[in-house]
Amino acid sequence: MPKKRILSGMRPTGKLHIGHYVGALENWIKLQNDYESFHLIADYHVLTTGLETEDIYQNSIDMVIDWLAAGLDPEKSPFFRQSQIKEHTELFLIFSMLITTARLERNPTLKEQVRDLNIENVIYGHLGYPVLQSADILLYKGDAVPVGEDQVPHVEITREIARRFNNQYGNVFPEPDALLTKFARLPGLDGDAKMSKSLGNTILLSDDAETVKQKLRKAVTDPQKVRRNDPGRPEVCLVFTYHKKFNSGEIPEIEANCKSGALGCVDCKLKCAAKMNEWLAPIIDKRKHYEANLSEVKQILSDGEAKGRKVAQATMNEVREKMKLG
Ligand code: TRP
1 MPKKRILSGM RPTGKLHIGH YVGALENWIK LQNDYESFHL IADYHVLTTG LETEDIYQNS
61 IDMVIDWLAA GLDPEKSPFF RQSQIKEHTE LFLIFSMLIT TARLERNPTL KEQVRDLNIE
121 NVIYGHLGYP VLQSADILLY KGDAVPVGED QVPHVEITRE IARRFNNQYG NVFPEPDALL
181 TKFARLPGLD GDAKMSKSLG NTILLSDDAE TVKQKLRKAV TDPQKVRRND PGRPEVCLVF
241 TYHKKFNSGE IPEIEANCKS GALGCVDCKL KCAAKMNEWL APIIDKRKHY EANLSEVKQI
301 LSDGEAKGRK VAQATMNEVR EKMKLG
């Protein structure tokens with residue numbers, strides 16, 4: 001049996017944070033052995049929330065370095081930029097005809113972005129964000145899409161578009177499934193439900209040990225635990241969520257001692273920072289290697305783009321054939 005395919009991607013908005021890792025990247029790394037994987041740098045998608053293009057290339061390189069440092073293997077998983085494979089825009093145009101504006105206006109991820117970024121007037125391309133994403137996924141005939149929770153509505157729209165195309169023109173596309181991780185969403189340092197660059201509440205994969213310690217020191221905890229010995233409520237504390245992910249071995253003890261008041265927030269945060277830093281250390285080491293060998297990174301990207309382009313072109317040929325577009 002041929003391996004099933006994965007297509008996943010991220011917008012290049014700069015260095016990645018641990019929310020990207022636990023929400024998606026960790027899953028990509030695990031799954032690259034069992035699936036044929038393709039990983040997309042969604043540089044056109046960045047334009048949906050800002051027209052500034054100056055940093056997009058550098059941000060893409062930074063993101064690729066994070067992917068490599070975290071353990072994504074370019075031999076198993078080619079990486080490519082959306083803007084370098086023209087078929088993305090071509091399929092996007094065709095898909096735009098297969099979905100209504102009303103359906104896109106109901107997209108909860110769009111609503112969330114509009115709220116978080118205080119957007120007053122939604123641009124046409126932003127409304128069409130999931131349509132471009134559908135083209136990203138279906139060009140590679142992705143069966144599975146490992147993403148964070150916020151992207152599930154986009155995978156649902158992708159399934160609808162695939163179905164609509166197949167019904168109208170003949171069977172070309174699979175209906176992909178979202179693959180979620182247990183920690184599909186990691187809370188931010190300020191207590192927001194989501195870690196995100198635009199909210200300024202992140203810990204980066206490239207943060208050094210001291211930075212992690214300082215950031216955690218300021219993290220919000222249970223507001224009812226005012227003094228060191230006050231009993232706390234781990235279930236409402238984001239630091240406890242971080243412990244669950246990065247320090248799972250000590251969970252029963254931390255939980256009990258927080259609840260009884262034996263463990264104060266300062267010590268609890270120090271423990272958490274130590275564990276996180278232990279985990280981050282090899283990633284930071286690998287990052288240094290790639291930062292010192294940028295030509296290697298660029299080569300990896302252009303090799304990945306050549307591989308991606310081939311698959312994308314083959315799918316577009318099939319699409320044109322089914323649509324009798326010559
Ligand atoms: N919308 C995704 C995000 O912001 C990025 C993305 C673009 C993507 N195209 C994709 C994810 C295709 C999965 C599949 O995280």
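Those letters in the sequence shown? Residues 1 to 326, per our numbering, in order. For each residue, glycine too, the CB sits at the ideal point set by N, CA and C.
**Q.** Backbone secondary structure at L51 - three-state DSSP
**A.** coil
Q. Given that a residue counts as buried once 16 or more other Cβ atoms are within 10 Å of its Cβ, and exposed if not, what is G249?
A. exposed
(Q) Helix, strand or coil for E175? Go by DSSP, reduced to three states. (A) coil
Q: Could you tell me the boundaries of the alpha helix (DSSP H) in which I61 lies?
A: 56-70
**Q.** Where the beta strand (DSSP E) containing H45 begins and where it ends
**A.** Counting along the chain, H45 falls outside any beta strand (DSSP E), though it belongs to the alpha helix (DSSP H) covering 43-46.
Q: Out of T13, P74, A69, point me to the one whose CA is closest to Q299's CA.
A: P74
(Q) Are the CB atoms of A69 and K286 within a distance shorter than 9 angstroms? (A) yes
Q. To which residues does DSSP link A144 through a beta bridge?
A. I6, D177
Q.
According to DSSP, F79 sits in a beta bridge with which residue or residues?
A. H39
Q: Using only alpha-carbon positions, find the residue among K30, L117, P223 that is nearest to G264.
A: P223
Q | Bounding residues of the alpha helix (DSSP H) (the contiguous stretch that carries T109) | A | 108-116
Q.
Measuring only from the beta carbon, is R164 closer than 8 angstroms to any heavy atom that is part of the ligand SAM?
A. With respect to small molecules bound, the structure shown includes the ligand TRP and not the ligand SAM.
Q) How many angstroms separate the CA atom of G148 from the CA atom of S295? A) 31 angstroms
**Q.** Inter-residue Cα distance where the pair is M1 and D143
**A.** 14 angstroms
Q. Near F173, which residues of its chain fall below 7 angstroms by C-beta distance, leaving aside the five closest residues on each side in sequence?
A. L138, K141, A162, F165, N166
Q) Which residue spans inside the stretch 223-286 form an unbroken beta strand (DSSP E) run of at least 3? A) none
Q. Which term fits Q168, buried or exposed, when burial requires 16 or more other beta carbons within 10 angstroms of its beta carbon?
A. exposed
Q. Do you know offhand how far K3's Cα is from L31's?
A. 11 angstroms
Q) What residues in its chain sit with their C-beta under 7 angstroms from that of T13, if we drop five residues either side in the sequence? A) V46, N59, K197
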